[in-house]
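To start, the structure under review is shown below, and the notes come after it.
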Amino acid sequence: MLTRESSTSVWSREQDKQFEKALATYPEDSSDRWEKITADIPGKSLEEVKHHYELLIDDVSQIESGCIPLPCYNSSSDGSTRYAIDEGAVKKGGNFGHLNGDSGHGGKASRSDQERRKGIAWTEDEHRLFLLGLEKYGKGDWRSISRNFVVTRTPTQVASHAQKYFIRLNSMNKDRRRSSIHDITSVNSGDAQGPITGGSSGQSNNQHPVVPPGVGMYGAPTIGQPIGPPLVSAVGTPVNLPPPGHMAYGVRAPIPGPMVPGAPMNIGLVVVFEQSMPPMTVPPSSYISIKPTTNSSPPTNPRRFISQITHFGSSNSPQWTATEIAEAVNGRINKWGPPGTISTDTRTLQPGQWFLPLVGQNYDAHSFITPELSYKGCVGVISNHVCKDWDMGFVQVDGNTLNSLKRLGHYARNRINGCLIGLTGSVGKTTTRTMIALALESIGTVYQSHGNWNNEVGVSLTLIGMPRNVGFGVLELGMCKKGEILELARMCRPNVRVILNVGASHLENFASLEEVSMAKGEILRDAMPGDICVLNADDPLVMSLPVPMGVKKVFFGRRKGSDVRLVSAQSIDGGHKVQVVLERNKEVVKFVIPSPGLHLALDACAAAAVATFLGVPLALFGKSFSTFIPVHGRSELEIADNGIKIVNDAYNASPDSTRSAIDLLRAIECKGRKVAILGDMLELGPKEIKFHELILQHCLDAQIDLVALVGKRFLTAAENLNIGQEMKFVYAYDADELVSRFASKLHWDDVVLVKGSRGMQMDKIISVIKSCLLVSHQ
């Protein structure tokens, strides 16, 4: 750490100005640079000049990285603020060094006050761009705000302006104080009462003309944009129909003119392309963020500028400052760290992330908090005890860190402006979630759960990583016992709530299917007037669930009278694809799902019910499936180089999903045999053997040529049915044993289904079968 200059080495304002001018006059590659700079500053030695510069570099680095907090400021008697940081200067003292301003180096404050100059005042346009940057990057990331938004100001000047801004917001005598640029808290004109600290302002102006209610940029409702006046159509309002007055979730009317498809309308900001630019298409499975070009001067109107489109993956998760983390988890900042994203897994931790260790039955991730973790780029930890030898950011929390993670999820939800869709069901959640996200990408930005993140950890991480101004967020909610869905729904508070079905999953923790139904129905309990509840009209258990008053009910299924009806579904292209016909408001669309499995048709029907009531035209919904790719491990058809077809449905299994997988196998055409490799279905309770017997009977009815069984439950069921007399089958206790006994029985022209519960590790079989066959047929 650099040693600070003593109080005897006082730099006057005039010397600082000479120093600044000399730095600009003599570039770094200039010969004898420091001697020339010293010659321009009377009264200072070469060593003093170099040390002054070293302090400058150290202070700039500390401020820009956000590793130290901004100092507190005093208020003058007239209600205006007197600042310890000038527009271009950082006062010496405390944790801060000096920069382009008064450098007292421990001198008296009165002297620095006398020498301080006002600097160049910020314009309203610069301040509004500062608010946009603050909305995107949050407190502390002054470097990014400077580089990407307020390009006319240095990071230190942005930090200074931010401190003045927040002091102004927290000032007590708001009615008596003088007018200031810091009173502007929204990028719209006019006063807004709420501060922007990573969330949206509570008010906006009405200066832009309002488009007709229910009509968006493409003639569809402007759904999925952040809440903010003026309010037009509500979520769930059908296209070209007047919105019902009771709808609570509204959206802002766009400004007329060419719009960027998929661009989030963030607190009044409208991003446009030049008329001469070609239309832009939104690629699937990507989040699109809009950021301004770094021109040499700010735009005259910050609400209209040419934008750059950047595609982000998980790296675009919102940056969390130490202050925000501590506020969210009710913790204490023991050591400051720079802003970063949040991870709970050291195996996938990326540079620039905070680590939150979780504790399980057989592990405690606190043991991974070592100096080596910082070598991977970890910038801080969120822990419930002091970490020895840890020299990065540290926010200390009380109690279980899982509760801290959930608090972060609640905190993140409070600042997300878009429309959130939460769905649950016994089967089909992940596939339907993917279909919904794919369709909504045609009208807005979309962020969806990663993989199978549907429990308290996964939903929390999804919300923590969700961009604040995303158009749509799609989350799946899973459960193992009563009360879990309710907790998740209260965390994510979805505007659209979907129940796909109720089946024999997790019966180990429930006495009956009716109890499973009530547990799934917890997603509806806190629905507010104006929310949309999407329900399966074909499922009596779903239809029996109570729905709160004032919500919009939308039904899907084969049943006549459904809002979105599945007219027909048939396997085509040798069973590799599914042709689907849907109907909504007498409009019919026919499209093809490029994946096997008739069960996908009902999933698509549910996705259509959500997407069309959020503004996606039915025809556009059908077109979106041209790029559909099945989720890994779910009805995924792979054709190996040696010719064998493998249906990878090994991620998980229940009686309903296994029955659908067997129907899929039956529909696929092949020259060889149809082979089903089935692992035990877990968590089915006292009737588990009966469910396994029903699956084996279904294999008989489907005329499967060869069945391989893995697990003691299927063995018991096979013995009870004595299926050896009617069907060829092979049995193994686990996946490893099956591979050694069964791989040699497969032929190059067979089609093989692999299905089983996650705990049976059926995915092992797929890779081993491929390698065995490839070797044996070379």
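If you use UniProt numbering, the sequence shown corresponds to residues 1 to 778, in order. Glycine included, every Cβ here is placed at the ideal spot set by N, Cα and C.
Check                                                                                                                                                                                    : Outcome
For the beta strand (DSSP E) that contains L753, what are its first and last residues?                                                                                                   : V751 to K755
For C480, is the classification buried or exposed, using 16 other Cβ atoms within 10 angstroms of its Cβ as the cut-off for buried?                                                      : exposed
Is K482 helix, strand or coil by DSSP?                                                                                                                                                   : coil
Mind checking who V10 pairs with in its DSSP beta bridge?                                                                                                                                : DSSP output for V10 lists no bridge partner at all.
Among V496, G451, R525 and G685, which has the Cα closest to the Cα of residue 785?                                                                                                      : Since the displayed the chain opens at 1 and closes at 778, residue 785 lies outside it and no answer follows.
Can you name the start and end residues of the alpha helix (DSSP H) that L715 belongs to?                                                                                                : K712 to L721
For I333, collect the residues of the same chain with a Cβ closer than 6 Å to its Cβ; drop the 5 residues on either side in sequence, then sort them by chain order.                     : A322, A326 and V395
Would the beta-carbon of L600 fall within 8 Å of that of V578?                                                                                                                           : yes
For residue 786, report the span of its alpha helix (DSSP H) as first-last.                                                                                                              : Residue 786 cannot be examined here, being either before or after the span of the chain that is shown, 1 to 778.
Between the Cα of I689 and the Cα atoms of W354, D705, D701 and G711, which residue gives the shortest distance?                                                                         : G711
On a CA-only basis, which of Q350, G478, S160 and K755 is nearest A650? Give me that one, please.                                                                                        : K755
Helix, strand or coil: how does DSSP classify N334 here?                                                                                                                                 : strand
Quick check on the DSSP output: the alpha helix (DSSP H) that includes T430 runs from which residue to which?                                                                            : K429 to L440
Taking C-alpha atoms, which residue in G393, L408, P42 and S426 lies nearest to E683?                                                                                                    : S426
Which two residues bound the contiguous beta strand (DSSP E) that contains Q448?                                                                                                         : V446 to Q448
Counting pairs of beta carbons, one from the segment 654-665 and one from the segment 492-505, are three or more of them closer than 8 Å?                                                : yes
If you follow the beta strand (DSSP E) that I532 is in, where does it begin and where does it stop?                                                                                      : I532 to N536
Can you give the Cα-Cα distance for L535 and R559, rounded to whole angstroms?                                                                                                           : 12 Å
In the segment 658-682, which residue ranges form an unbroken beta strand (DSSP E) of at least 3 residues, counting only runs that do not cross its ends?                                : 674-679
Here's the rule I'm using: 16 or more other beta-carbon atoms within 10 Å means buried, otherwise exposed. How should P155 be labelled?                                                  : buried
V589 and G633 - do their beta-carbons sit closer together than 8 Å?                                                                                                                      : no
Name the DSSP beta bridge partners of Y731, please?                                                                                                                                      : L709
Cα separation between S744 and L738?                                                                                                                                                     : 11 Å
Mind checking which residues open and close the beta strand (DSSP E) that includes G521?                                                                                                 : Segment: none, G521 is in no beta strand (DSSP E) and carries neither H nor E.
Could you check the C-alpha separation between L709 and N501 for me, to the nearest Å?                                                                                                   : 27 Å
Taking just the CA atoms, how far does I723 sit from G597?                                                                                                                               : 26 Å
What separation, rounded to the nearest whole angstrom, lies between the Cα atoms of R128 and G409?                                                                                      : 29 Å
Helix, strand or coil, according to DSSP, for N362 in the structure here?                                                                                                                : coil
Looking at C-alpha atoms only, which residue of K674, V631 and E372 is the closest neighbour of K645?                                                                                    : K674
For R565, which beta-bridge partners are listed by DSSP?                                                                                                                                 : G557 and E583
Do the CB positions of L134 and I120 come within less than 8 Å of each other?                                                                                                            : no
Note down the Cα distance separating I464 from L488, rounded to an integer number of angstroms.                                                                                          : 14 Å
Excluding the 5 residues flanking R493 on each side, which residues of the same chain have their C-beta closer than 8 Å to its C-beta?                                                   : R413, L420 and D526
Tell me the residue span of the alpha helix (DSSP H) that contains residue 829.                                                                                                          : Examination of residue 829 is not possible in this model, given that the chain is present from 1 through 778 alone.
Considering only residues of the segment 344-407, which uninterrupted beta strand (DSSP E) runs meet the minimum length of 3 residues and lie entirely inside it, listed in chain order? : 353-355, 380-383 and 393-396
Use the C-beta contact count for W748: other C-beta atoms within 10 angstroms, 16 or more gives buried, fewer gives exposed.                                                             : exposed
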